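Take a look at the structure below.
Here it is as structure tokens:
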């Protein structure tokens, strides 16, 4: 399966709600201490001047697809972690940040988080997702949390686990809806394996 097709399938799954899992697990940020962040570039550091490749570890998509990416900027003036964040300026289409895939295990418990802020009077809701899928790209688990933006940085998280048999890979996705005025900033994203469930 090509990378482009797999990303398209992930995007379609994000837009559908039928496969969303409401998790009853509760993990905490404290459990991430001394654990490896599975995301390649959690602080959205720039790696080139080309908008398509600047955010190593992330892919930027739009809904509808193939929109101009000029309203998506690496911001060096506003950051919660490190020296940069991603700024999404007001536009009439949704923006989706999708992480590179990483290995997940069936009996793992995962803590996923991201920081957001906005100066938009609309205070758009950003959607944080954790997607787990098989090697063939078929999605079997999807967890989500909506984050209400505010002028100051705020952080929300997802606790995920009980991953279905055969699932091998995961991604974090962050969806910013269309909004009319101002900007949304994203920073300090992460996914950590914080627990291992006992198996029979």
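Residue numbers (my numbering): 2 to 201.
Glycine is no exception: its CB is placed at the ideal position from the N, C-alpha and C atoms.
Predicted model, so just to flag it, every value in this text is computed and none were measured.
* To do: Could you have a look at residue 63 and say whether DSSP puts it in helix, strand or coil?
  => Three-state DSSP puts residue 63 in a strand.
* Would you identify the three-state DSSP class for residue 161, choosing helix, strand or coil? => Here residue 161 sits in strand by DSSP.
* Measure how close the beta-carbons of residue 47 and residue 75 come, nearest whole angstrom, since I'm counting them as under 8 Å. => Contact holds; Cβ gap of about 5 Å.
* **Three-pair Cβ contact test at 8 Å for the segment 56 to 68 versus the segment 91 to 98** => With a cut-off of 8 Å, the segment 91 to 98 and the segment 56 to 68 count as touching, because enough Cβ pairs lie within range.
* **Distance between residue 84 and residue 78 (C-alpha atoms, nearest Å)** => Straight through space, the alpha carbons of residue 84 and residue 78 are spaced by roughly 8 Å.
* Answer yes or no: do residue 118 and residue 153 have a C-beta to C-beta separation smaller than 8 Å? => For residue 118 and residue 153, yes; Cβs fall inside 8 Å.
* Please determine if the segment 102 to 117 and the segment 190 to 197 are in contact, where contact requires at least 3 C-beta pairs separated by less than 8 Å. => Because the criterion of three Cβ pairs below 8 Å is met, the segment 102 to 117 and the segment 190 to 197 touch.
* Kindly identify the DSSP beta-bridge partner or partners of residue 171. => Paired residues: 103, 133.
* **The beta strand (DSSP E) enclosing residue 141, as first and last residue numbers** => From DSSP, the beta strand (DSSP E) with residue 141 extends over 140 to 149.
* Bounding residues of the beta strand (DSSP E) (the contiguous stretch that carries residue 186) -> Here the beta strand (DSSP E) through residue 186 covers 180 to 197.
* **Nearest candidate by alpha-carbon position, reference residue 88, set 37, 71, 110** => Considering only 37, 71, 110, the residue with the shortest C-alpha distance to residue 88 is 71.
* To do: Output the distance between the C-alpha atoms of residue 179 and residue 69, rounded to the nearest integer angstrom.
  => Here the alpha carbon of residue 179 sits roughly 14 Å from the alpha carbon of residue 69.
* If we ignore side chains and look at the alpha-carbon of each, how far apart do residue 170 and residue 194 end up? -> As the crow flies, the alpha-carbon of residue 170 is around 13 Å from that of residue 194.
* Thinking residue 183 and residue 143 are a contact (beta carbons under 8 Å), I'd like their distance in whole angstroms, please. => About 29 Å; that fails the 8 Å criterion.
* With 16 other CB atoms within 10 Å as the buried threshold, where does residue 63 fall? -> The residue in question, residue 63, is buried, as its Cβ has 16 or more Cβ neighbours within 10 Å.
* How about residue 82 and residue 49: are their beta carbons less than 8 Å apart? -> Not in contact: residue 82 and residue 49 (Cβ atoms no closer than 8 Å).
* To do: Please report the residue range of the beta strand (DSSP E) in which residue 35 lies.
  => Element bounds for residue 35: n/a, residue is neither H nor E.
* To do: Report the residue from 103, 141, 93 whose alpha carbon sits nearest the alpha carbon of residue 42.
  => Measuring from the Cα of residue 42, the nearest candidate turns out to be 103.
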